[in-house]
Structure formats: C-alpha cells, structure tokens
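Colleague:
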Amino acid sequence: NAGVMQNPRHLVRRRGQEARLRCSPMKGHSHVYWYRQLPEEGLKFMVYLQKENIIDESGMPKERFSAEFPKEGPSILRIQQVVRGDSAAYFCASSRPNQPQHFGDGTRLSIL
Amino acid sequence: GQQLNQSPQSMFIQEGEDVSMNCTSSSIFNTWLWYKQDPGEGPVLLIALYKAGELTSNGRLTAQFGITRKDSFLNISASIPSDVGIYFCAGGSGAGSYQLTFGKGTKLSVIP
C-alpha cells in the first residue's frame, strides 16, 4: 500500500539548468497537488491537476514553472532556468475526489 | 491572500502533559486539517474536519472546527516523546476544498 512517491529526494542544480521533479500518486488517487515549502514556513499551494488537465495553477509562478499529469506515468513539476530563489522543498500530494490530501516526502532542491 | 495564524510558534512540555494549539484566520474555510511533519519528511494527516462545530478525535488527539469556520484547535493528551515534531493546520477552500492554506506550524518538543 505505497504512499505518494516523490523522486528524487534531493536534487542539486546549477543556475540556469532545468529541474524535473516527479510524483507518483497513491493507488486510486486521481488528483495531484504540488506545494512549495521554504525553511521555517508552511507549505504554499502551487498547482492542482487531474489526469491530463491543469485545474488550478494560481499558485505557480507565471514563468519558468510548469506542471503536467499525463495519462500514463507520474506527475512532473518542471522548473526551467533555475535561480537561487528556487531552492526549497517541493511536496506533492494526492487524493481521491473531495477527500483529504496525502503528502509525499518531498524533493529538496538546491541551486548552486 | 488568505492567511492562517497558528500559535504558539513553539512549545516545550514535560512528557505526560496535555498540549493545546490553535489556528485562526480572517477568512472562512470549508475544511480544516491538521498535519504533523517530522524533519526530512512530508506532512502526515492527523485529523480532517468538515463541518462547523465538528469535534473529532484520533487516539490521544482531538480537534475542533470553529463555529465561525475561521478557527480550529488541536489538543494532544498525555504527550509522549514521539509527539515531537511540527504541527501544521491547513484550511481548505475552493470546490472540494482542494486549495490548502497552511499555517507556519507549531514546533513541539517533549521533555522526557
């Protein structure tokens, strides 16, 4: 009964590179959410997706950030041309419709 | 945007003592959830509340959804060392309450 799986757990990138973060939802969950957490802070909502659809991306920066949840395979959060300020922990959550969200253990992104 | 004020920021208690923490907001939320986060891990759902005034227990944990839908509290009875961690409240908004707004957390330390 695997939970939400995120990989990699840690990712180091140099400024200007691309970061790709993956999330496999819990079995039976069709809704995926991405959050960002800075040190000593709570999680901040970024985007909500269902299979092949972005439902709400109001929390995601307009440039360089994109997310997808294809029909097959994990959800991907993609950050292009990373900058130092992108350093954070990125958490994925999944749920059944109208049910509580369950979180993965996150990807810690460090930008050199 | 919506904000949650979570208090206290941190607490030091003796093992066996009861703990109380709360969240308040100027905004109304459809749901309130309480999560616990250990270092290096993702938030784990403790209790989900769906109705104003609802009081729900999960073992030694009890949480209530405020009648105004703008606040919630979490109580932990007879604390034990493994209760150590950061406790986050989250308010749900949007259709299906998918968009969670998190507080900044209450860091709990238990002295054996």
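Same order as they appear, the protein sequences are chains Y and U. Heads up, the first sequence is in the working numbering, so the first residue is 1129 and it goes up one at a time. Heads up, the second sequence is in the working numbering, so the first residue is 121 and it goes up one at a time. Here a beta-carbon is modelled for each residue, glycine too, at the ideal position from N, C-alpha and C.
(1) Decide yes or no for the touch test of the region 133-148 of chain U against the region 1185-1192 of chain Y: beta carbon pairs closer than 8 angstroms, at least 3 of them.
(2) If you follow the beta strand (DSSP E) that Arg189/U is part of, which residue opens it and which one closes it?
(3) For the ligand FMN, is there a heavy atom less than 8 angstroms away from the beta-carbon of Val1140/Y?
(4) Scan the region 1192-1208 of chain Y for residues whose Cβ lies nearer than 7 angstroms to a Cβ of chain U and list them as they occur along the chain.
(5) Where does Leu1240/Y land, buried or exposed, given buried means 16+ other C-beta within 10 angstroms?
(6) In angstroms with no decimal places, state the Cα-to-Cα distance between Asn1226/Y and Ser217/U.
(7) In the DSSP assignment, find the beta strand (DSSP E) that holds Arg1148/Y and state where it starts and stops.
(8) Quick check on this structure: which residue in Met1133/Y, His1159/Y and Gly1213/Y has the alpha carbon closest to the alpha carbon of Gln219/U?
(9) How about the region 121-130 of chain U and the region 175-182 of chain U: do they share at least three Cβ pairs that are nearer than 8 angstroms?
(10) List the residues of chain U whose Cβ lies closer than 9 angstroms to the Cβ of Tyr1176/Y, in chain order.
(11) Is Gly186/U near Gln126/U, with beta carbons less than 9 angstroms apart?
(12) Comparing C-alpha positions only, which one of Arg1206/Y, Arg1137/Y and Gly1156/Y sits nearest to His1230/Y?
(13) Are Gly1170/Y and Gly160/U touching if we call contact CB-CB under 9 angstroms?
(14) Determine contact between the region 198-213 of chain U and the region 150-160 of chain U, defined as no fewer than three beta-carbon pairs at a distance below 8 angstroms.
(15) Report the residue from Met1133/Y, Trp1162/Y and Ala1195/Y whose alpha carbon sits nearest the alpha carbon of Met1154/Y.
(16) Short of 8 angstroms Cβ to Cβ, which residues in the region 1146-1160 of chain Y face chain U?
(17) So Gly1240/Y contacts chain U; which residues on that side make the cut at Cβ distance below 9 angstroms?
(18) The region 1212-1238 of chain Y: which residues have C-beta closer than 7 angstroms to a C-beta of chain U, in chain order?
(19) Got a sec: which bits of the region 150-170 of chain U sit with their beta carbon under 7 angstroms from any beta carbon on chain Y, in order along the chain?
(20) What residues of chain U sit near Glu1169/Y, judged by a beta carbon separation below 7 angstroms?
(21) Give the secondary structure of Ala198/U by DSSP, where H, G and I count as helix, E and B as strand, and everything else as coil.
Modeller: Concretely, from the data shown:
(1) no
(2) Arg189/U -> no beta strand (DSSP E), and no H or E assigned at all.
(3) Absent from the structure shown: the ligand FMN. Ligands present: none.
(4) none
(5) exposed
(6) 7 angstroms
(7) Ala1147 to Ser1152
(8) Of the listed residues, the one whose Cα sits closest to Gln219/U is His1159/Y.
(9) no
(10) Gly214, Tyr218 and Gln219
(11) no
(12) Gly1156/Y
(13) no
(14) Contact between the region 198-213 of chain U and the region 150-160 of chain U is established, with three or more Cβ pairs separated by less than 8 angstroms.
(15) Checked all of Met1133/Y, Trp1162/Y and Ala1195/Y; the closest Cα to Met1154/Y is Met1133/Y.
(16) His1159
(17) Strictly speaking, residue 1240/Y in this sequence is Leu, with Gly absent from that position. Neighbours of Leu1240/Y on chain U: none; closest Cβ ~21 angstroms, over 9 angstroms.
(18) Phe1219, Pro1225, Asn1226, Pro1228, Gln1229, His1230, Phe1231, Gly1232, Asp1233 and Gly1234
(19) Leu153, Glu161, Gly162, Pro163, Leu165 and Ala168
(20) What Glu1169/Y touches in chain U: Lys224.
(21) coil
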